[in-house]
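Chemist: Take the sequence shown: its position 134, counting from 1, is numbered 501 in my numbering, and each next residue is one higher. One structure coming up, written as structure tokens, with questions to follow.
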Amino acid sequence: MIRITAEPLNPQEITDLVRKDSNGAVVTFVGAVRDSSEGRNVLHLEYEAYQPMAENMLHQIAREVQERWAIQDIAIAHRLGKRAIGEISLVVALASPHRNEAFEASQYVLDRIKHVVPIWKKEVFEGGEAWIGSGEEGATRQGEALHP
């Protein structure tokens with residue numbers, strides 16, 4: 368399951384999608400909006416995406432995991448829009464027969480999402496805001512630097 372949505376994410380429902388009796392390991396990562404970044408007090412985040420490409424890239428990442436670790440049970444959900452402190456913005460769940468593969472694949476998915484999926488977040492903090500981007504290093508969004 369790959370989903371990019373403005374709707375709330377339910378980590379348990381997403382995790383249940385990958386659970387099977389053949390899997391001894393289930394790893395779920397839940398990303399939540401934190402209240403600080405680089406010494407600044409964050410007020411909220413705003414996520415935007417080039418959705419068709421982002422979904423395609425998430426499917427590609429899932430295929431990479433299937434090829435590299437033979438893990439078939441993977442679910443990735445990312446939330447868009449304005450998110451308050453504490454809200455869940457990302458859930459990655461995957462399951463495999465053994466824990467090592469599940470942990471390695473989970474880390475791989477998270478790193479790949481950060482580096483290649485066109486999802487941008489704007490941190491709104493006390494005194495300003497800044498776009499922090501996913502995608503290739505040095506990429507820009509409407510002329511703004513994604514990596515300040």
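Think of the CB as a built atom: it goes at the ideal place given N, C-alpha and C, for glycine as much as any other residue.
(1) From V394 to I443, what does the alpha carbon distance come to, in whole angstroms?
(2) Assign E374 to one of two classes, buried (16 or more other C-beta atoms within 10 Å of its C-beta) or exposed (fewer than that).
(3) To the nearest angstrom, how far is it from the Cα of H465 to the Cα of V458?
(4) Measuring straight from C-alpha to C-alpha, what distance separates E490 and N408?
(5) Can you list, in chain order, the residues of its chain with a C-beta nearer than 6 Å to that of S501? Leave out the 5 residues immediately preceding and following it.
(6) To the nearest angstrom, how far is it from the Cα of I371 to the Cα of A416?
(7) So what does V394 bridge to, in DSSP terms?
(8) List, from N- to C-terminal side, the beta strand (DSSP E) runs of 3 residues or more that fit wholly inside the region 426 to 498.
(9) If we call anything under 8 Å between Cβ atoms a contact, is N390 one with A462?
(10) Where does D440 land, buried or exposed, given buried means 16+ other C-beta within 10 angstroms?
(11) Out of K387, L384, S403, state which residue places its alpha-carbon closest to the alpha-carbon of E493.
(12) Less than 8 Å between C-beta atoms, sequence neighbours within five positions excluded: which residues of the same chain meet that for P378?
(13) Just verifying my parser: in three-state terms, what is the DSSP assignment at I371?
(14) Taking just the CA atoms, how far does I369 sit from P419?
Modeler: Taking the geometry as given:
(1) 12 Å
(2) exposed
(3) 20 Å
(4) 10 Å
(5) Here the model assigns S501 a pLDDT of 48, short of 50, so the residue's position is not dependable, and the following value carries that caveat. K481, V484, I486.
(6) 9 Å
(7) L461
(8) 440 to 446, 448 to 451, 455 to 463, 486 to 492
(9) yes
(10) buried
(11) S403
(12) T395, V397, I455, V458, A460
(13) strand
(14) 12 Å
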